[in-house]
Amino acid sequence: MMKKELVSRRRLLKTAVRAGGLALAPQIIPASALGRAAAAPPSDRVTLAGLGIGGRGTRVLQSFLSEPDVRFLAICDVRNERREAIKSMADQKYGNRDCAMYSDQFELLARKDIDAVLIATGDRWHAPLSILTAKSGKDVYCEKPCSMTIAESRALADAFQRLARIYQAGTQRRNGPNFARARELARTGKLGKLQTLHAEAGPGDRWPPATSHEWLPAEPEPPKQVVDWDRWLGPSPWRPYNSQYVQGRWRGYFDFHGGGILEWGSHTVDLCQWVGDVDETAPVEFEPQGMGGDTPYSIYCRYANGLRLVMRDKGFLGLGSCHIRFEGDAGWVETADSGKIEVSENLRAEPLDIAPDDARQATSNHVRDFVDCVKSRKQPRSNALAACQAHIACHAAYIAFQLGRKLTFDPATDAFVGDSEANRMRSRAMREPWRL
Amino acid sequence: MMPQHVDEKYGSAAQIMTLPPAKLIAILKDPSASVYAKAKACQRLAVTGDRTAVPALAALLSDRQLSHYARFGLEPIPDPAVDEALRAALGKAKGELLVGVINSIGHRKDAKALHALARFLHDADSEVAKAADAALARMRPPL
């Protein structure tokens, strides 16, 4: 039974073609779907749906819509305004009125004709929705940060491994040409033996590391069909409605957000783990310095193999957002979102130029990587285990920051050593009825 | 700076969350304390509370507005008194609140709750039955 459920819609179509079962094809498949107008036939198409598509999600969806072998079929959102906006976008792209709208994720996940789901809700929903989606037999592209806690991170990786679904975290810089070039320099020995990796944590003035436990004042709750506030909150603790949250100003609140370290670290720490070949583990020490806000802060980390990782919000070369810097005993490289790459004097002869247009292709490259892996069943660059480990590193760093003391961590058990208080911060009870 | 919610007696979240555990427990017992003050007290006790906080937190498990906050406070406390309190709540909580209690027992992997949870596997409320199944699945050793 389980095997039968795991047979994908595309595989069934391919089987039908081989069996001559597509005698009806001319009647049920539009011309564009048969390879004309640069579209792919249904057997080679990935059907996609969206869960909670806001500003960032819309940009990712644009990349999906540009792929000729992707067909977007449905949107689910707790906000009517967003459902309508995304339907309009998809319908305009395809020249029809076919995009279905849902406010209940279970109705969307029950559809058997959807291969994959783009999840771009707020962070509070990312891990539980990803797991629910995998349990429905679908693959997932999920925006970052992918989890709210260490426990969620592990549950995410375990679920995708157990269910054999494809997961791509929205950490698109792994497919950014300048970041990949910096990695290549590090991994081909041009920097010598790698010693220290530097990851930009959220700039303290924009993404402060600390989160707030405050509530905004209560406002009248809108009708459920306009905004389903209970569903918006999901697994988070209840609090009275305020329109600011729903309009996107939920970041910075402990109940909804993991703080500035995770906000940028889910990209930059993730890149460091990739470059340092430590994608399947996490640091064993976390030592915070500084308070953040208007003053610099750093979290000094060390891996079991001696490699160092520094998460910090200041002191980079001003190459854009999301800096990373890799230092070896023979040289260094630093890059960020401008696409510009700076290197130590001895590496200036290396080919480093990345065209600005290419540097901006990270998201579309990342989407393409996901679509290819949905078809090939290979692991994409930002797979569930890699995302899990990078997120655990960020969560552990934030716990050390909150406690203001050095912590020792055991990556084999996801537990802090000899620190009960820190261990109590590894998970959060979810609001009923939700669970991992 | 957006205006923030405050409790007239206990102040802002930042003020409440710097209080020692004994004062946080007193907030939970204070009938005049707002849902906000009690919610923040529960969240702080998740990190600083010990077995002395368990009775006050457990008393909120059947409170519709605060049951989740009570579990938020209870789940991480490393003391068997929490497991005893959650097991006791199995006989009192109903509907979604019972689902929440079962979820917390599953999270804590309380082996002493195995038989009590098994009784819910065929509960008339399918959500309760599914929660019991999920909790038991968490407790089983991997194959």
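Residue numbers (our numbering), protein chains in the order written: chain G, 93 to 528; chain U, 2 to 144. By construction, the Cβ of each residue, glycine as well, lies at the ideal position given by its N, Cα and C atoms.
Closer than 7 Å, Cβ to any Cβ of chain U: which residues of the region 209 to 242 of chain G, in chain order? none
Of the residues U/71, U/93 and U/6, which one's Cα is nearest the Cα of residue 54 of chain U? Within the second sequence, numbered from 1, the residue matching residue 54 of chain U stands at position 53. Residue 54 of chain U has its Cα closest to that of U/71, out of U/71, U/93 and U/6.
Are residue 285 of chain G and residue 263 of chain G closer than 7 Å when you measure CB to CB? Position 193 of the first sequence, counting from 1, holds the residue named residue 285 of chain G. Position 171 of the first sequence, counting from 1, holds the residue named residue 263 of chain G. In this structure, residue 263 of chain G does not lie closer than 7 Å to residue 285 of chain G by Cβ.
Taking just the CA atoms, how far does residue 139 of chain U sit from residue 121 of chain U? Within the second sequence, numbered from 1, the residue matching residue 121 of chain U stands at position 120. Within the second sequence, numbered from 1, the residue matching residue 139 of chain U stands at position 138. Each residue's Cα considered, the two are about 15 Å apart.
Going by DSSP, what residues sit across from residue 8 of chain U in a beta bridge? On the second sequence, position 7 is the one that residue 8 of chain U refers to. The partner list for residue 8 of chain U (beta bridge, DSSP) reads U/12.
Cutoff 7 Å: residue 76 of chain U Cβ touching any chain G Cβ: As a working mapping, residue 76 of chain U is identified with position 75 in the second sequence. Closer than 7 Å to some Cβ of chain G, the Cβ of residue 76 of chain U qualifies, so yes.
Buried or exposed: residue 460 of chain G, going by 16 or more other Cβ atoms within 10 Å of its Cβ? By one-based count along the first sequence, residue 460 of chain G stands at place 368. Looking at its Cβ environment, which holds 16 or more other Cβ atoms inside 10 Å, residue 460 of chain G is buried.
Boundaries (first-last residue) of the alpha helix (DSSP H) holding residue 106 of chain U: Here residue 106 of chain U refers to the residue found at position 105 of the second sequence. Unbroken alpha helix (DSSP H) run through residue 106 of chain U: 96 to 109.
Measuring alpha carbon to alpha carbon, tell me which of G/154, G/152 and G/161 ends up nearest residue 465 of chain G. Position 373 of the first sequence, counted from the start, is the residue given in the question as residue 465 of chain G. Cα-wise, what sits closest to residue 465 of chain G is G/161.
Buried or exposed: where does residue 109 of chain U fall if 16 or more other Cβ atoms within 10 Å of its Cβ makes it buried? Residue numbering aside, residue 109 of chain U sits at position 108 when the second sequence is read from its first letter. Buried.
Between G/348, G/404 and G/148, which lies nearest to residue 326 of chain G when the distance is taken from Cα to Cα? Start at 1 with the first residue of the first sequence, and residue 326 of chain G comes out as number 234. The option with the nearest alpha carbon to residue 326 of chain G is G/348.
Identify the contact partners of residue 244 of chain G in chain U, using a Cβ-Cβ distance below 9 Å as the criterion. On the first sequence, position 152 is the one that residue 244 of chain G refers to. Those do not exist, as residue 244 of chain G stays about 12 Å from chain U at its closest Cβ, beyond 9 Å.
Can you check the region 259 to 335 of chain G for any beta strand (DSSP E) of at least 3 residues that lies completely inside it and give the ranges in chain order? Qualifying beta strand (DSSP E) stretches, in chain order: 259 to 261 and 286 to 292.
Buried or exposed: residue 350 of chain G, going by 16 or more other Cβ atoms within 10 Å of its Cβ? Position 258 of the first sequence, counting from 1, holds the residue named residue 350 of chain G. Residue 350 of chain G is classed as buried because its beta carbon has at least 16 other beta carbons within 10 Å across all chains shown.
Mind the definition here: the region 484 to 492 of chain G touches the region 368 to 388 of chain G only if three or more C-beta pairs lie below 8 Å; say whether that holds. yes
Inside the region 410 to 488 of chain G only - beta strand (DSSP E) runs reaching at least 3 residues: 416 to 420, 423 to 427 and 433 to 435
Run the CB neighbour count on residue 140 of chain G, radius 10 Å, all protein chains shown included, and call it buried at 16 or more, exposed below. Here residue 140 of chain G is taken as the residue at index 48 of the first sequence, counted from 1. Classification of residue 140 of chain G: buried, given that the 10 Å Cβ count is 16 or more.
Can you have a look at residue 155 of chain G and say buried or exposed, based on whether 16 or more other CB atoms are within 10 angstroms of its CB? To locate residue 155 of chain G, count along the first sequence from 1; it is residue 63. Looking at its Cβ environment, which holds 16 or more other Cβ atoms inside 10 Å, residue 155 of chain G is buried.
Residue 211 of chain G versus residue 232 of chain G - alpha carbon distance: For the purposes of this step, residue 211 of chain G is taken as residue 119 along the first sequence, with counting starting at 1. For the purposes of this step, residue 232 of chain G is taken as residue 140 along the first sequence, with counting starting at 1. Going by the C-alpha atoms only, they are around 7 Å apart.
Just to check my reading of the structure: residue 301 of chain G and residue 293 of chain G have Cβ atoms closer than 8 Å, yes? What is that Cβ distance to the nearest angstrom? Indexing the first sequence from 1 puts residue 301 of chain G at position 209. Indexing the first sequence from 1 puts residue 293 of chain G at position 201. At roughly 7 Å, the Cβ-Cβ gap stays under 8 Å, so residue 301 of chain G and residue 293 of chain G are in contact.
Contacting positions in the region 62 to 86 of chain U - beta carbon closer than 8 Å to chain G: If you check each beta-carbon in the region 62 to 86 of chain U against every beta-carbon of chain G, the ones closer than 8 Å belong to 66, 68, 69, 70, 72, 73, 75, 76, 77, 78 and 79.
Return no unless some Cβ of chain U is closer than 7 Å to the Cβ of residue 199 of chain G. Reading the first sequence from its first residue, position 107 is the one you call residue 199 of chain G. Residue 199 of chain G does not count as touching chain U.
From the DSSP secondary-structure annotation, give me the bridge partner or partners of residue 91 of chain U. Translated into the one-based positions of the second sequence, residue 91 of chain U becomes position 90. In DSSP, residue 91 of chain U forms no bridge with anything.
Alpha carbon to alpha carbon, how far is residue 86 of chain U from residue 111 of chain U? Translated into positions along the second sequence, residue 86 of chain U becomes position 85. Translated into positions along the second sequence, residue 111 of chain U becomes position 110. Looking at the two C-alpha atoms, the distance is approximately 11 Å.
When you compare each of G/411, G/388, G/418 and G/492 to residue 283 of chain G by their alpha carbons, which one comes out closest? One-based indexing of the first sequence puts residue 283 of chain G at position 191. A check of alpha carbon separations from residue 283 of chain G across G/411, G/388, G/418 and G/492 identifies G/418 as the nearest.
Between which two residues does the alpha helix (DSSP H) holding residue 246 of chain G run? As a first step, residue 246 of chain G is located in the first sequence; it is residue number 154 there, counting from the start. Here the alpha helix (DSSP H) through residue 246 of chain G covers 242 to 255.
Of all the CB atoms in chain G, is at least one closer than 7 Å to the CB of residue 140 of chain U? Taking the second sequence and counting its residues from 1, the one referred to as residue 140 of chain U is at position 139. Between residue 140 of chain U and chain G, the shortest Cβ-Cβ separation is not below 7 Å.
One question on the structure: do residue 223 of chain G and residue 256 of chain G come within less than 7 Å of each other, judged by their Cβ atoms? Along the first sequence, one-based indexing puts residue 223 of chain G at 131. Along the first sequence, one-based indexing puts residue 256 of chain G at 164. No, the Cβ-Cβ distance between residue 223 of chain G and residue 256 of chain G is not below 7 Å.
Just the C-alpha distance for residue 509 of chain G and residue 515 of chain G, rounded to the nearest angstrom, thanks. Working through the first sequence from its first residue, we reach residue 509 of chain G at position 417. Working through the first sequence from its first residue, we reach residue 515 of chain G at position 423. Those two C-alpha atoms are separated by around 8 Å.
Length of the line joining the Cα atoms of residue 436 of chain G and residue 400 of chain G: In the first sequence, residue 436 of chain G corresponds to position 344, counting from 1. In the first sequence, residue 400 of chain G corresponds to position 308, counting from 1. Near 19 Å, if we compare the C-alpha coordinates of residue 400 of chain G and residue 436 of chain G.
Report yes if the C-beta distance between residue 197 of chain G and residue 143 of chain G is below 7 Å; otherwise report no. Here residue 197 of chain G corresponds to residue number 105 of the first sequence, with the count starting at 1. Here residue 143 of chain G corresponds to residue number 51 of the first sequence, with the count starting at 1. Closer than 7 Å, so yes.
Where does residue 140 of chain U fall in DSSP's three states? Here residue 140 of chain U is taken as the residue at index 139 of the second sequence, counted from 1. Looking at residue 140 of chain U - three-state DSSP - the assignment turns out to be helix.
Nearest-angstrom beta carbon gap, residue 216 of chain G and residue 328 of chain G [assumed within contact, 8 Å]: Position 236 of the first sequence, counting from 1, holds the residue named residue 328 of chain G. Position 124 of the first sequence, counting from 1, holds the residue named residue 216 of chain G. Between residue 216 of chain G and residue 328 of chain G the Cβ distance is about 5 Å, and since that is below 8 Å, they are a contact.
Using DSSP's beta-bridge definition, name the partner residues of residue 381 of chain G. In the first sequence, residue 381 of chain G corresponds to position 289, counting from 1. BP columns for residue 381 of chain G point to G/390.
Nearest chain U C-beta to residue 524 of chain G closer than 7 Å, yes or no? Along the first sequence, one-based indexing puts residue 524 of chain G at 432. True, the Cβ-Cβ gap to chain U drops below 7 Å.
Tell me which residues of the region 291 to 310 of chain G have at least one Cβ-Cβ distance to chain U shorter than 9 Å, keeping chain order. If the cut-off is 9 Å between Cβ atoms, the region 291 to 310 of chain G has 304, 305, 306, 307, 308, 309 and 310 near chain U.
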